[in-house]
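Residue numbers (the working numbering), protein chains in the order written: chain F, 6 to 122; chain C, 354 to 466.
Notes for the one structure printed next.
Written as structure tokens, this is what we have:
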């Protein structure tokens with residue numbers, strides 16, 4: 006069983022640029038969530054996709070957008086990058102909205118570390 | 354606003370002793386609470402969870418206690434092992450508002466031999 010994979014693992018951008026991060030969900034999982042983890046903080050919910058539709062969004066501006074594809078893989082796009090966007094971006098998948106065993110459990114990838122200069 | 358709080362950034366425990374990690378929350382609508390463990394350069398991995406209708410859940414060396422009246426939960430690790438050294442995140446979800454996890458800032462546990 007292949008776990009959640011994310012790419013790229015590290016990248017450096019400059020202010021104002023745009024970035025796309027990619028995530029392949031675990032086999033059998035139809036729900037993908039994205040989280041931002043700034044240094045010294047816990048992960049913060051960005052949004053969730055279920056069957057290709059956005060199903061919830063955290064307190065992030067519209068320049069954070071996403072997609073989910075028919076194979077349930079997902080992309081996170083961030084436009085007009087700001088210095089504060091520097092963080093670890095975590096993708097998590099689950100077998101349904103409620104997570105595994107209806108507990109909200111998510112399966113996380115290793116993350117994409119974005120540095121904005 | 355931080356709805357899940359872990360007020361101890363770090364904890365050091367000797368091997369074989371008990372580790373107790375604490376977590377407080379403010380949202381009474383949370384109905385599931387989870388603990389995740391994170392090693393450097395890896396994503397968080399699920400450790401144990403508890404429903405709001407229970408006050409204790411045990412899985413091997415790990416036990417989570419929930420005190421709803423105090424809006425407090427704790428993770429007990431007995432006995433602690435050096436491999437337990439990691440950052441532990443407390444998280445909570447409210448199923449009625451979707452299943453986004455609200456995380457605390459984490460507690461870094463160091464288990465020394």
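Using N, Cα and C, we set each Cβ at its ideal position, and we do this for glycine too.
Within chain F, partners of residue i - CB distance below 7 Å
i	result
residue 454 of chain C	50, 109, 111
residue 446 of chain C	109
Closer than 8 Å to chain C by CB, residue i
i	result
residue 31 of chain F	no
residue 41 of chain F	no
residue 95 of chain F	yes
residue 78 of chain F	no
residue 53 of chain F	yes
CA-to-CA distance, residue j to residue i, given in whole angstroms
i	j	result
residue 404 of chain C	residue 444 of chain C	12 Å
residue 440 of chain C	residue 76 of chain F	32 Å
residue 20 of chain F	residue 92 of chain F	14 Å
residue 73 of chain F	residue 51 of chain F	14 Å
residue 25 of chain F	residue 82 of chain F	4 Å
residue 121 of chain F	residue 27 of chain F	18 Å
residue 380 of chain C	residue 358 of chain C	11 Å
residue 399 of chain C	residue 356 of chain C	20 Å
Closer than 9 Å at the beta carbon, the chain F residues around residue i
i	result
residue 467 of chain C	Outside the modelled stretch of chain C, which goes from 354 to 466, sits residue 467 of chain C, for which no answer is possible.
Under 8 Å by beta carbon: chain F residues contacting residue i
i	result
residue 387 of chain C	108, 109, 110
residue 418 of chain C	None at all; the shortest Cβ gap to chain F is about 17 Å.
residue 394 of chain C	115
Amino acids of chain C, ordered along the chain, whose beta-carbon sits closer than 9 Å to that of residue i
i	result
residue 87 of chain F	Near residue 87 of chain F there are no residues of chain C at all, since even the closest Cβ is about 22 Å away, more than 9 Å.
residue 38 of chain F	452, 453, 454
Cβ separation of residue i and residue j, assumed to be a contact under 8 Å, to the nearest whole Å
i	j	result
residue 38 of chain F	residue 97 of chain F	5 Å
residue 115 of chain F	residue 14 of chain F	7 Å
residue 78 of chain F	residue 117 of chain F	No, residue 78 of chain F and residue 117 of chain F are not in contact; Cβ-Cβ is about 14 Å, not under 8 Å.
Within-8 Å CB hit, residue i to chain F
i	result
residue 459 of chain C	yes
residue 381 of chain C	no
residue 402 of chain C	yes
residue 466 of chain C	no
Closer than 7 Å at the beta carbon, the chain C residues around residue i
i	result
residue 46 of chain F	458
Could you say if the region 455 to 463 of chain C and the region 44 to 51 of chain F meet the contact criterion of at least three C-beta pairs nearer than 8 Å? Below 8 Å, enough C-beta pairs join the region 455 to 463 of chain C and the region 44 to 51 of chain F to call them touching: three or more.
Check whether the region 51 to 68 of chain F and the region 365 to 377 of chain C touch, using three or more Cβ-Cβ pairs below 8 Å as the test. These segments do not touch.
So, does the region 395 to 415 of chain C touch the region 372 to 379 of chain C, judging by three or more C-beta pairs under 8 Å? Contact fails: fewer than three Cβ-Cβ distances are below 8 Å.
Taking a cut of 7 Å between CB atoms, which residues from the region 428 to 446 of chain C lie near chain A? The structure shown contains no chain A; the protein chains it does contain are F and C.
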